[in-house]
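*Asks:* Let me begin by handing over the structure; questions about it come next.
2 protein chains.
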Amino acid sequence: MSEPEKSEDIPEESAGKEKGSPNGGNPAKSEEDFNLAAIYVSDAQYNRNIYFDTSPQAVRLYMRYNHWIPKVLLYFFILVDLSLALFEDPAIFPLPIWATMLVELLCLLVFTLRLGHYAQVIPRDKFWKDPKNICIIVILLLTLVDMIIYGALKATNCYGVRWSRVLRPLLLVNVTEGRQLRRAFRSIRNALPQIFYVFLLFMFSLLIFSLMALKLLGKRGLKTIDGSPYFTNYLQILFDLYVLVTTANSPDVMMPAYNNSYVFAIFFILYILINTYIFMSVFLAVVYNNYKKYLKEEVRQLVRAKRHKMVQAFGVLQEQREGGGEPVVTHHNWNQLIRLVQPDIRNAHRELLWSVADDNNQGCIGKVAFVQMADLLNIEVITLKSRPHPLHGLCPALYLSAPSRLLCRLVQHRAFVIVYDLIILVNAVFIGLDEENPLIANSEWAFLALYLLEILLKLYVFEPRAFFSRHSFWNWFDTIIVVSALLATIVNSAVMSTGNYTSRQILDIVFILRVLRLIRVVDSIKRFRTIINTLIRIGPAILTFGQLIIVVYYIFAMVGMELFKGKVKFYAEDSSDPEKAFCGNPLLNGSDFAQLNYCKNNFNNVVSSFVLLLELTVVNQCSGFATVTHASARLFFIVFHIMVVIVIINIFVAFVLEAFFVEYSVEKSDLQTSLERKIEELELAVAVNSNLNQHKRLCHLKCSAALLKCLPSLFTLLLSVSKFYNLSPNS
Amino acid sequence: MSEPEKSEDIPEESAGKEKGSPNGGNPAKSEEDFNLAAIYVSDAQYNRNIYFDTSPQAVRLYMRYNHWIPKVLLYFFILVDLSLALFEDPAIFPLPIWATMLVELLCLLVFTLRLGHYAQVIPRDKFWKDPKNICIIVILLLTLVDMIIYGALKATNCYGVRWSRVLRPLLLVNVTEGRQLRRAFRSIRNALPQIFYVFLLFMFSLLIFSLMALKLLGKRGLKTIDGSPYFTNYLQILFDLYVLVTTANSPDVMMPAYNNSYVFAIFFILYILINTYIFMSVFLAVVYNNYKKYLKEEVRQLVRAKRHKMVQAFGVLQEQREGGGEPVVTHHNWNQLIRLVQPDIRNAHRELLWSVADDNNQGCIGKVAFVQMADLLNIEVITLKSRPHPLHGLCPALYLSAPSRLLCRLVQHRAFVIVYDLIILVNAVFIGLDEENPLIANSEWAFLALYLLEILLKLYVFEPRAFFSRHSFWNWFDTIIVVSALLATIVNSAVMSTGNYTSRQILDIVFILRVLRLIRVVDSIKRFRTIINTLIRIGPAILTFGQLIIVVYYIFAMVGMELFKGKVKFYAEDSSDPEKAFCGNPLLNGSDFAQLNYCKNNFNNVVSSFVLLLELTVVNQCSGFATVTHASARLFFIVFHIMVVIVIINIFVAFVLEAFFVEYSVEKSDLQTSLERKIEELELAVAVNSNLNQHKRLCHLKCSAALLKCLPSLFTLLLSVSKFYNLSPNS
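Chains as they are written, first to last, in my numbering: chain A, 31 to 761; chain B, 31 to 761.
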């Protein structure tokens, strides 16, 4: 948020007088008061929960603390800090130690400065009581200690481990802005005790089944596929059966026993039924239930904190009315406040909000209406003006002529959509065919021309600013894809015509763009649209999960790199090195790992570590690493599986489930939040008291021309899932 | 239900006179009336929904139709019909065709008779309107036609296919008693449209990704591990990527591209994120949501039908009271009815039910109270009598002596449980150790003695009939396991001492029993108990799922056997046949399938088909079968995966989730159903009007001795999950 400035475009006194000046007997509010109130409101709006000092100086510092520039800088330096792993040993792009150390020192400095700024803003005792500050300080100190030790060891040519790298992703969690991430971790931590009990029971079942397997199968002298004795070592059985839960070794582990007798299939069927199906479902149930429970609790606290902040803001700005009664905030003070909170808000939007708040048109609002404001501000209201098409203004005779009207009607017809869907399908077939054929290669130009024509026609028919409005996702998508495909195809043709050389990269981009174009079909089928919209709506929350996954992956990648780096080597396809056959490690000679060409699944740098961890998330294949190090290396993989698959992936599934349930229940009950209702009421109010904002009136769907028919509603309330959560305890 | 008999032990008139004879002016109800009312009530109680004829003769036939003997016979013959697959070609135990055909004819005859009986019971027009009857008739006719054709073909030595075998499991669904199963299938059918749309979107995403893979990776000349070109055939890519969703070929399919460049990992990561994680979660969400929705609708209809039946029963038995007003059912008629509905009900229990229904002790009940009876009858009420210990009666001096009291207190102490848990843990370690060691082998006797001692001590302290009451699951479990372990160990020792020969089977049983004993530990940890109890509670519903799975598996097994029988052969371990290396099919020479020793995963008989289908449910490995037949054989496996994994397993997971959510929400809110409350109220009523059943009074927890302290409550209301559903719309 930028520094507050006095707004000059609206005469201050007139607004107060118009409404009968209810603040007659009250002293005018100072700039400090407005700053303080604005900060309270914006904290409530963005769910910040910081107990800052209320002295004018601290407030000013706090406003600077919340400015977007230091925030972006902070995240940039966190990113730099995290991506140092690319350049440190084991590196993809090796850099000397002093260079990475210097960059890391810079990062540490930035983090320290940011923390120092924070310490200035909030009271001293609050600062030292907050575990996240302590965390950051400890991380910074430990990193510094580690760097000194490592530098000293390297200087004396000793072996050193940069163990503090594990701590880096924790910064992402502990910075003030990592609120969502902290909430997610807190939810996980709170759900852990319940998960733990189910996990114990699951482990108990695993131990019992392993014991039974040892007793039943160990004495029969069976052999596994590679000739080693089958099910004779208890720990080995335990591990094999654990992996069976992940279905990674599904038929293999059972085959020797099954080949011996049909009867043993019963053992494995029971095992799979109980442990793979029932226990994994119970994990999901427990995770889902607890996650939801604690999320609700968090949201409840958040709503309480928000209300508290708004009450504080009200307390700063409140005035006593002449006739006594409840304290109120005047329209004038409210305007000034909103201008501070959202400097870029339009006057029309502000007036809309005011008329929602000031239901009875009294010129001032009470506490209850004021408290609702934080939620009101969060609702995005798209104001659509029934502007005529620019061509209509330029040459109305032509634009309103019969052929032009016919064209407009054609483009708006359902058949137009269907024809283009068919074109896309034909295009899909053409893409699938061999593009070496000159006919196919040239057809690409025809398709591009058709797509361009579609966009131009739509621009002719629809008002361009409405067509490219902020929330017309598919229009933007279409245009960007088609235009970039056009550019890429032109560049590609140019490159091809200049010489025989065909750039693989450009061709790849062309292909990807061509295929992406096909996705457009989805939008024209209504049933698909609802599913896609739900998926798009949970997008932001998936980003939080992305951060969570990155934090966990980063920690495991750092540990994995220290444990397994260089144990498995990858040789390029064309390498003729004899070591290629066993990934450069004789221990892997003849192993499945080498035979299946898994050599690139290693911990030799941070990128391949991440890819390997993703593979482990999908299917827990880790026998290779136990072979090259020690059987106990499996512990690393089991811990990873428990952390990521049993806990985090289940939370992810729970989250998707919850999002869809909310979507279905909202769709079904046609429930409208109180805010939607208020704005609907206001539509009437606007229609009646149109003098409120005469120069820029919010138009209705009905008063707009048929041009905007395709746009479903005037106010698109973009209640993202997270906002839905915030509102639900109210409704 | 057995034929109704006039009860003789209670004088009929006296009951009526005692209560002031409210049925003074009404004619006495005939036996037919009672039969009809009893049938309505028992239909309501067991949720039967059959519109039977109400003529006395039809009612009598209908009572015979509901008798348990024909039902058990029917299921026995269905089982025989289904297990014919074991003896028909491809058979495990080959029988001549005439033998299996004769048995099948017998089965058909039984089914026809049963259907004929049913046709006598319900009105003609209802019979022909019911799709399940039509289904059975069609199945019977088709089977007959198929048998004739097959017999004729075999007689002329032509090739014939017993295609009607696919229809056999459908009998399980369409018989009158397959209500639960039909309900499950109906829920699936109703959920299908929604699943279908998500599935289309998923297929669309698959097609787009495959096209992109073809364009990006097909032209690079990459090779798979076995040297064939990588990602050049569109259908092959489609199949590979579909299998990637099941995670069966997780790293393998990606390795050639990943080995070529890190960049291609992005493609696969995106693919896995979207299709494996998001789409599979969406499937679960959609299945869960729809299943729940339709299940609720079904339950609502069921409750409505139940109420309707009870109203009809009330209509048969109702009488006008002397003073006018609402019609009622007298205590006397009610008693007679209940005796018909549940001949084995205890008098005390019946009186309890009556006092719940007749709240104000008026001697007669109205419609509302009568309608509730069906639910009341379904609640199992365990009556515990505070009987003294038999030893107390035999020699009270000894049993009440100080050492005996001390012993009782010791056994009831927490430490006793802990000591035995420790013994079990030590036993677990001993089991894990090598039993060849004589010390270990002899320790088994010590453990057995300890366990026996525990049971005897408990029998000394607790009243034996309370200890072995119907719902003391763990007491029964313990005793059965310990006693059978003792017997098996003795038999084993006897066999061993007579000669050197050790029977492997007996030893296996001994080991299994030893390990099962360890499960007991679970019961002594409270947190575990709740989880286990939920699992036990969903047991009956899992049986319905078991039937559902068997129906689907059976159909796929029959089709699979016709398609793939004899294509892959299994040779025993010790066989020296050179064909063993490629499962008897030269097409498999050098394939993964043969190398991994999967030869026993075949469709050569019904048992191995079932095991293979289970393996396919866990991990979709089917490349071998496409090799030995044709690439299109994969369709069979894809259809199986869609049907079983995407639909049925998701419903199973949804079911477990729902059961746990219900469990958690009930535990949390401590919600009591109205019936529980009523019975609690009654506890007081019993305490006050103890003259109601003086000779056999239901005792309170408090009035019983400390002996029964360990039993948590007097009335254990066993509301199974299905019953919970039935009640929830009321509460």
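The beta-carbon is built from N, C-alpha and C at its ideal position, and this holds for glycine as well. Note that the structure is a prediction, hence the values are computed from the model and not measured.
Assuming Phe670(A) and Phe586(A) are in contact, meaning their beta carbons sit under 8 Å apart, how far apart are those beta carbons, in whole angstroms?
*Replies:* Along the first sequence, read from residue 1 onward, the residue named residue 670(A) stands at position 640. Along the first sequence, read from residue 1 onward, the residue named residue 586(A) stands at position 556. Between Phe586(A) and Phe670(A) the Cβ distance is about 6 Å, and since that is below 8 Å, they are a contact.
*Asks:* When you compare only the Cα positions, how much space is there between Asn787(B) and Met673(B)?
*Replies:* Residue 787(B) lies beyond the residue range present for chain B, which begins at 31 and ends at 761; the question has no answer from this structure.
*Asks:* Would you check if there are 3 or more beta carbon pairs closer than 8 Å linking the stretch 379-386 of chain B to the stretch 105-119 of chain B?
*Replies:* no
*Asks:* Is the beta carbon of Tyr583(A) sitting closer than 8 Å to the one on Cys629(A)?
*Replies:* Within the first sequence, residue 583(A) is the residue found at index 553, counting from 1. Within the first sequence, residue 629(A) is the residue found at index 599, counting from 1. No, Cβ-Cβ distance for Tyr583(A) and Cys629(A) is not below 8 Å.
*Asks:* My assumption, with CB atoms under 8 Å, is that Val11(A) sits in contact with Val598(A). Please give the rounded CB distance.
*Replies:* Because chain A here runs from 31 to 761, residue 11(A) falls outside it and cannot be looked at.
*Asks:* Based on Cα-Cα distance, which residue from Thr277(B), Asp451(B) and Gln372(B) lies nearest to Gln651(B)?
*Replies:* To locate residue 651(B), count along the second sequence from 1; it is residue 621. Checked all of Thr277(B), Asp451(B) and Gln372(B); the closest Cα to Gln651(B) is Thr277(B).
*Asks:* Report the neighbours of Gly257(B) on chain A: residues whose CB is nearer than 7 Å to its CB, in chain order.
*Replies:* In the second sequence, counting from the first residue as 1, residue 257(B) sits at position 227. For a Cβ distance threshold of 7 Å, nothing in chain A lies close to Gly257(B): the least Cβ distance comes to about 11 Å.
*Asks:* With a threshold of 8 Å, are at least 3 pairs of Cβ atoms found where one atom belongs to the stretch 328-338 of chain B and the other to the stretch 349-363 of chain B?
*Replies:* no
*Asks:* By the DSSP assignment, the alpha helix (DSSP H) with His147(A) in it spans what residues?
*Replies:* In the first sequence, the residue the question calls residue 147(A) occupies position 117. Segment Ile127 to Val151, the alpha helix (DSSP H) holding His147(A).
*Asks:* Quick check on this structure: which residue in Leu109(B), Tyr70(B) and Ile108(B) has the alpha carbon closest to the alpha carbon of Tyr92(B)?
*Replies:* As a working mapping, residue 92(B) is identified with position 62 in the second sequence. The residue with the shortest Cα to Cα distance from Tyr92(B) is Tyr70(B).
*Asks:* Suppose you measure from the CA of Tyr118(B) to the CA of Thr130(B); what does that come to, to the nearest Å?
*Replies:* Within the second sequence, the letter at position 88 stands for residue 118(B). Within the second sequence, the letter at position 100 stands for residue 130(B). Note that residue 118(B) is Glu in the sequence shown, not Tyr. Taking the straight line joining both Cα atoms gives about 7 Å.
*Asks:* Would you say Thr306(A) reaches chain B, if we count a Cβ-Cβ gap shorter than 8 Å as a contact?
*Replies:* As a position in the first sequence, residue 306(A) is number 276, starting the count at 1. Yes - at least one Cβ of chain B is within 8 Å of the one on Thr306(A).
*Asks:* Helix, strand or coil: how does DSSP classify Cys438(A) here?
*Replies:* On the first sequence, residue 438(A) is found 408 positions in, with the first residue counted as 1. Cys438(A): helix per DSSP, three-state reduction.
*Asks:* Taking only beta-carbon atoms, is Phe691(B) less than 8 Å away from chain A?
*Replies:* Position 661 of the second sequence, counting from 1, holds the residue named residue 691(B). It does; some Cβ of chain A falls within 8 Å.
*Asks:* Indicate the three-state DSSP secondary structure (helix, strand or coil) for Pro124(B) in the structure shown.
*Replies:* Along the second sequence, read from residue 1 onward, the residue named residue 124(B) stands at position 94. Per DSSP, reduced to three states, the secondary structure at Pro124(B) is coil, with no helix or strand assignment.
*Asks:* For Val582(B), which three-state DSSP category applies?
*Replies:* Here residue 582(B) corresponds to residue number 552 of the second sequence, with the count starting at 1. Val582(B): helix per DSSP, three-state reduction.
*Asks:* Looking at Ser291(B): is its Cβ nearer than 8 Å to the Cβ of Glu645(A)?
*Replies:* Against the second sequence, residue 291(B) aligns to sequence position 261. Against the first sequence, residue 645(A) aligns to sequence position 615. Result no, Cβ atoms of Ser291(B) and Glu645(A) do not sit closer than 8 Å.
*Asks:* In chain order, what are the residue ranges of uninterrupted alpha helix (DSSP H) at least 4 long that sit wholly in the stretch 266-309 of chain A?
*Replies:* Whole alpha helix (DSSP H) segments, 4+ residues: 280-290 and 294-301.
*Asks:* Helix, strand or coil: which one does DSSP assign to Thr574(B)?
*Replies:* Within the second sequence, the letter at position 544 stands for residue 574(B). DSSP places Thr574(B) in helix when its eight states are reduced to three.
*Asks:* What are the boundary residues of the alpha helix (DSSP H) that Glu381(B) is part of?
*Replies:* Your numbering for residue 381(B) matches position 351 in the second sequence. Note, Glu381(B): alpha helix (DSSP H), Asn377 to Ala387.
*Asks:* How about Met242(A): is its C-beta nearer than 8 Å to some C-beta of chain B?
*Replies:* To locate residue 242(A), count along the first sequence from 1; it is residue 212. By this cut-off, Met242(A) is an interface position.
*Asks:* Is Pro373(B) helix, strand or coil when you go by DSSP?
*Replies:* Taking the second sequence and counting its residues from 1, the one referred to as residue 373(B) is at position 343. In the three-state DSSP reduction, Pro373(B) falls in the coil class, being neither helix nor strand.
*Asks:* Buried or exposed for Gln75(A), going by 16 or more other Cβ atoms inside 10 Å?
*Replies:* Mapped onto the first sequence, residue 75(A) falls at position 45. The residue in question, Gln75(A), is buried, as its Cβ has 16 or more Cβ neighbours within 10 Å.
*Asks:* Can you list, in chain order, the residues of its chain with a C-beta nearer than 7 Å to that of Leu537(A)? Leave out the 5 residues immediately preceding and following it.
*Replies:* To locate residue 537(A), count along the first sequence from 1; it is residue 507. Asn522.
*Asks:* So, under 8 Å CB-CB, Asn635(A) and Leu642(A) are touching, yes? Tell me the CB distance rounded to an integer number of Å.
*Replies:* Within the first sequence, numbered from 1, the residue matching residue 635(A) stands at position 605. Within the first sequence, numbered from 1, the residue matching residue 642(A) stands at position 612. Asn635(A) to Leu642(A), Cβ: 11 Å. No contact.
*Asks:* Over the uninterrupted alpha helix (DSSP H) stretch that includes Lys597(B), give me the two end residues.
*Replies:* Within the second sequence, residue 597(B) is the residue found at index 567, counting from 1. Careful: Lys597(B) lies outside any alpha helix (DSSP H) and carries neither H nor E.
*Asks:* Excluding the five sequence neighbours on either side, which residues of its own chain have a C-beta within less than 8 Å of the C-beta of Leu687(B), listed in chain order?
*Replies:* The sequence position of residue 687(B) within the second sequence is 657, counting from 1. Within the same chain, Leu687(B) has close Cβ partners Tyr318.
*Asks:* Output needed for Thr84(A): all residues of its chain with C-beta closer than 8 Å, excluding positions within five of it in sequence on either side, in chain order.
*Replies:* As a working note, residue 84(A) is residue 54 in the first sequence. If we look at Thr84(A) and ignore the five residues flanking it on each side, its Cβ neighbours are Leu66.
*Asks:* Which residue wins for smallest C-alpha separation from Asn680(B), given the options Arg144(B), Ala214(B), Asn615(B) and Ser499(B)?
*Replies:* On the second sequence, position 650 is the one that residue 680(B) refers to. Of the listed residues, the one whose Cα sits closest to Asn680(B) is Ala214(B).
*Asks:* Taking the alpha carbon of Pro7(B) as the reference point, which residue from Glu61(B), Met591(B) and Gly462(B) has its own alpha carbon closest?
*Replies:* Examination of residue 7(B) is not possible in this model, given that chain B is present from 31 through 761 alone.
*Asks:* Can you list, in chain order, the residues of its chain with a C-beta nearer than 7 Å to that of Leu489(B)? Leave out the 5 residues immediately preceding and following it.
*Replies:* Along the second sequence, one-based indexing puts residue 489(B) at 459. In the same chain as Leu489(B), and ignoring 5 residues on each side of it, the C-beta atoms closer than 7 Å to its own belong to Phe497, in chain order.
*Asks:* Return the chain-ordered ranges of every alpha helix (DSSP H) run that is complete within the stretch 604-668 of chain B and spans a minimum of 4 residues.
*Replies:* 622-625, 636-648 and 653-658
*Asks:* Using a Cβ-Cβ distance cut-off of 8 Å, determine whether Gln522(A) contacts chain B.
*Replies:* Within the first sequence, residue 522(A) is the residue found at index 492, counting from 1. Gln is not the amino acid found at residue 522(A); the sequence shown has Asn there. Answer no: the Cβ-Cβ gap between Asn522(A) and chain B never drops below 8 Å.
*Asks:* By the criterion of Cβ-Cβ separation under 8 Å, what are the contact partners of Gly462(B) in chain A?
*Replies:* Counting from 1 along the second sequence, the entry for residue 462(B) is found at position 432. The answer, in chain order, is Leu241, Leu244 and Tyr264.
*Asks:* Excluding five sequence neighbours on each side, which residues of the same chain lie with their C-beta closer than 6 Å to the C-beta of Asp607(B)?
*Replies:* Sequence index remark: in the second sequence, residue 607(B) carries index 577 (1-based). Answer for Asp607(B): Tyr601, listed in chain order.
*Asks:* Within its chain, find whatever has a CB closer than 7 Å to the CB of Ile668(B); leave out the 5 residues flanking it on each side and keep chain order.
*Replies:* As a first step, residue 668(B) is located in the second sequence; it is residue number 638 there, counting from the start. Counting only Cβ-Cβ distances below 7 Å, and skipping sequence neighbours, we find Tyr272.
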